[in-house]
Amino acid sequence: MILEYIGARISCIETVFPSNEIQFADEIDNYPGSELQSLKLQKIFNFKSRRLAADSVTVSDLVVHGFESLFDKNNIDRESIDGLVVVTQTPDYLVPGTSFIIQGLLGLRTDITCLDINQGCAGFVIGLTVCFSLLTQPSINRVALVNADILSKLVSKHDRNSRPLIGDAASITIVDSISNGDLSVNTIYGNIYTDGSRWEALMIPAGGMRNRPSDKTSKLFDDGTGNLRSLEHLVMRGDAVFSFVMETVPHMIEGLLKDAGIDKDSVDKFLFHQPNSFMLKKLAQKLDIDIGKVPHSLVSLYGNSSGASIPAVMCTELSTEYFEQPRLLCISGFGVGLTCASLLLKLNCTRIGVTVYPC
Amino acid sequence: MRDEMEKDLNDCVIRLVKNVKPDLNIGNYTDTELFNQLDSFDMIVLVTELESELNIKIPGEEIRPENFNSPATVVSLIKNLQS
Numbered sequence: 291m292i293l294e295y296i297g298a299r300i301s302c303i304e305t306v307f308p309s310n311e312i313q314f315a316d317e318i319d320n321y322p323g324s325e326l327q328s329l330k331l332q333k334i335f336n337f338k339s340r341r342l343a344a345d346s347v348t349v350s351d352l353v354v355h356g357f358e359s360l361f362d363k364n365n366i367d368r369e370s371i372d373g374l375v376v377v378t379q380t381p382d383y384l385v386p387g388t389s390f391i392i393q394g395l396l397g398l399r400t401d402i403t404c405l406d407i408n409q410g411c412a413g414f415v416i417g418l419t420v421c422f423s424l425l426t427q428p429s430i431n432r433v434a435l436v437n438a439d440i441l442s443k444l445v446s447k448h449d450r451n452s453r454p455l456i457g458d459a460a461s462i463t464i465v466d467s468i469s470n471g472d473l474s475v476n477t478i479y480g481n482i483y484t485d486g487s488r489w490e491a492l493m494i495p496a497g498g499m500r501n502r503p504s505d506k507t508s509k510l511f512d513d514g515t516g517n518l519r520s521l522e523h524l525v526m527r528g529d530a531v532f533s534f535v536m537e538t539v540p541h542m543i544e545g546l547l548k549d550a551g552i553d554k555d556s557v558d559k560f561l562f563h564q565p566n567s568f569m570l571k572k573l574a575q576k577l578d579i580d581i582g583k584v585p586h587s588l589v590s591l592y593g594n595s596s597g598a599s600i601p602a603v604m605c606t607e608l609s610t611e612y613f614e615q616p617r618l619l620c621i622s623g624f625g626v627g628l629t630c631a632s633l634l635l636k637l638n639c640t641r642i643g644v645t646v647y648p649c
Numbered sequence: 683m684r685d686e687m688e689k690d691l692n693d694c695v696i697r698l699v700k701n702v703k704p705d706l707n708i709g710n711y712t713d714t715e716l717f718n719q720l721d722s723f724d725m726i727v728l729v730t731e732l733e734s735e736l737n738i739k740i741p742g743e744e745i746r747p748e749n750f751n752s753p754a755t756v757v758s759l760i761k762n763l764q765s
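If you read the sequences in order, they're chains A and B. Letter by letter, the first sequence follows residues 291 to 649 in my numbering. Letter by letter, the second sequence follows residues 683 to 765 in my numbering.
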């Protein structure tokens, strides 16, 4: 199924990273196996540093800091925000949703729609599709999309399979309606694939209503390969996720390009979720695209920041100057669900920036 | 000659698996158990080492359990890629 959106554009994006920087070497003693094995991993994945929030920091802290920076840098009046969509898997509280907390802390208008979505690595694309739909309301002209996660609190320090990948970040994307000019020139195309039968491939087994947190669920155990985690930690079946990505993502992207009638070579950048550089290189190989068109350094320098990873890689590897002329982007997020969601869209005069949250 | 090449390939796979996971008694994993002894990062290290040592490219879609169940299935995968 092809999705089409007309009359929306991304005006600016701000990514927030915590100031706390962890080097790969800082945690090497926590991992199973020899130091030599871990160093080999470091070389293959080019692990350097990651940004992790302090224990006391929550998603709303990063996001409110990011919004203030975005308002200042882009001269945006907070009164102009007509809708707020927050995508996170690590809310401040189970109840209420984090969007309400952010709306209150920022003093946004009280007549706006606030919405929370539980999505992970496909969350930027899924969130954008919700923003585009909100913008079809005549009275909604500007929606703020938030993608933020502090997953480091939910990943075992002794899980070499996940820990060296994860970083914390938030991004804020301002999506505006456009009503003048030839709107069809800016048609945004998208598609979504969901396979809920594979939900166990990426999950946190305890802490929700199915398995309430307890002494038993917080106890570390060996998963059979030497990694230690508890049932309250993120567990990733890397092989299942890898297979899903290789089977699904190229097929979905090729389908999207075909349905949109756009040639692969016309795409300026392929901005994928940032699981790790190995997977991105294999994906580029499979799609037969130049790896130079696939920014892939986020995990090395900041960590995989879940739904914020696509805007984060835009803000760290591209620039406002890059977007001074129209750029055709193919963006694709994939992960928890399991889900793959992709968009083909043009960005023109989009302002991007990075801010640091002191912690 | 062909048997000898296959044996060399098998020895190479076993050596690289032991590089990835030195404590693994590879002789015990001739059937379907090898894959379960490697976490996903071990798999990536193994794939990277196979690619570098044998000068091959293992396509992402071939990195799946059935191709890494035992040294024999890995050898079979490599032979297919080389042919």
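Glycine included, C-beta positions come from ideal geometry on N, C-alpha and C. Just so we're clear, the structure is a prediction, and the values are computed from it rather than from any experiment.
Query                                                                                                                                                                           : Result
Using 8 Å as the limit for Cβ to Cβ distance, is L759(B) near chain A?                                                                                                          : no
Identify which residue in I300(A), G394(A), D367(A) has its Cα closest to the Cα of F613(A).                                                                                    : I300(A)
So, is I292(A) buried or exposed, given that buried needs 16 or more other C-beta atoms within 10 angstroms?                                                                    : exposed
Just to confirm my understanding: we take V584(A), look at its own chain, exclude 5 residues before and 5 after, and list those with CB closer than 7 Å. What are they?         : F560, F562, L570, A574
Can you list the residues of chain A that P747(B) reaches, using a CB-CB cut of under 7 Å?                                                                                      : D529
Once the 5 residues before and after R453(A) are set aside, which same chain residues still bring their CB inside 7 Å of it?                                                    : E317, V445, S446, K447
Scan the stretch 384-428 of chain A and note each continuous beta strand (DSSP E) run of 3 residues or more that stays entirely inside, going in chain order.                   : 403-407
Answer with yes or no whether the minimum CB distance from T515(A) to chain B is below 8 Å.                                                                                     : yes
Candidates N431(A), P308(A), I494(A): which alpha carbon is nearest T380(A)'s?                                                                                                  : I494(A)
Decide if the stretch 530-549 of chain A is in contact with the stretch 499-513 of chain A; the criterion is three or more beta carbon pairs, one per stretch, under 8 Å apart. : no
To the nearest angstrom, report how far apart V729(B) and Q719(B) are at their CA atoms.                                                                                        : 15 Å
Excluding the 5 residues flanking A491(A) on each side, which residues of the same chain have their C-beta closer than 8 Å to its C-beta?                                       : M526, R527, A530, V531, F534, L628
I believe A460(A) touches V353(A) by the beta-carbon criterion, under 8 Å. Please report the beta-carbon distance rounded to the nearest angstrom.                              : 5 Å
Starting from K739(B), find everything on chain A with Cβ-Cβ shorter than 8 Å and list it in chain order.                                                                       : Q575
So, with DSSP's three-state summary, where would you put L633(A)?                                                                                                               : strand
So, with DSSP's three-state summary, where would you put S324(A)?                                                                                                               : coil
Three-state secondary structure (DSSP) at G248(A)?                                                                                                                              : Residue 248(A) cannot be examined here, being either before or after the span of chain A that is shown, 291 to 649.
One question on the structure: do P753(B) and N692(B) come within less than 8 Å of each other, judged by their Cβ atoms?                                                        : yes
Helix, strand or coil for P559(A), going by three-state DSSP, please let me know.                                                                                               : With the sequence shown as reference, residue 559(A) is identified as Lys, and Pro is not the correct amino acid for it. Of the three classes helix, strand and coil, the one that applies to K559(A) here is strand, per DSSP.
Below 8 Å between beta carbons is the criterion; list the residues of the stretch 299-331 of chain A that meet it against any residue of chain B, in chain order.               : G323, S324, Q327, K330, L331
Cα-Cα, which of L546(A), K554(A), V603(A), D558(A) is closest to Q564(A)?                                                                                                       : V603(A)
Mind pulling the chain A residues with CB within less than 9 Å of I766(B)?                                                                                                      : Absent from the model: residue 766(B). The displayed extent of chain B is 683 to 765, so no value can be given.
Less than 8 Å between the C-beta atoms of S649(A) and V433(A), yes or no?                                                                                                       : For the sequence presented, residue 649(A) should be read as Cys rather than Ser. Not a contact, by the Cβ cut-off of 8 Å.
Do three or more CB pairs link the stretch 404-420 of chain A to the stretch 360-370 of chain A at distances below 8 Å?                                                         : no
Answer yes or no: the CB of D549(A) versus the heavy atoms of the ligand NAD, is any distance below 7 Å?                                                                        : Ligands displayed in this structure: none; no statement on the ligand NAD is therefore possible.
Under 8 Å between beta-carbons, which chain B residues line up against R450(A)? List them in chain order, please.                                                               : D721, F723
Just checking: is the beta-carbon of F624(A) within a distance shorter than 8 Å of some beta-carbon in chain B?                                                                 : no
Does the Cβ of F422(A) have 16 or more other Cβ atoms within 10 Å, making it buried, or fewer, making it exposed?                                                               : buried
Shortest alpha-carbon distance to L634(A) belongs to which of H355(A), G545(A), I456(A)?                                                                                        : G545(A)
Can you tell me whether A721(B) is buried or exposed, with buried defined as 16 or more other CB within 10 angstroms of its CB?                                                 : With the sequence shown as reference, residue 721(B) is identified as Asp, and Ala is not the correct amino acid for it. Buried, since its Cβ has 16 or more Cβ neighbours within 10 Å.
Once DSSP output is grouped into helix, strand and coil, what is the label at I334(A)?                                                                                          : helix
For the stretch 451-520 of chain A, list the beta strand (DSSP E) runs that are entirely contained and at least 3 residues long, ordered along the chain.                       : 459-467, 478-484
How long is the line joining the alpha carbons of D690(B) and I696(B), rounded to whole angstroms?                                                                              : 10 Å
Could you tell me whether any Cβ in chain B is nearer than 8 Å to the Cβ of F414(A)?                                                                                            : no
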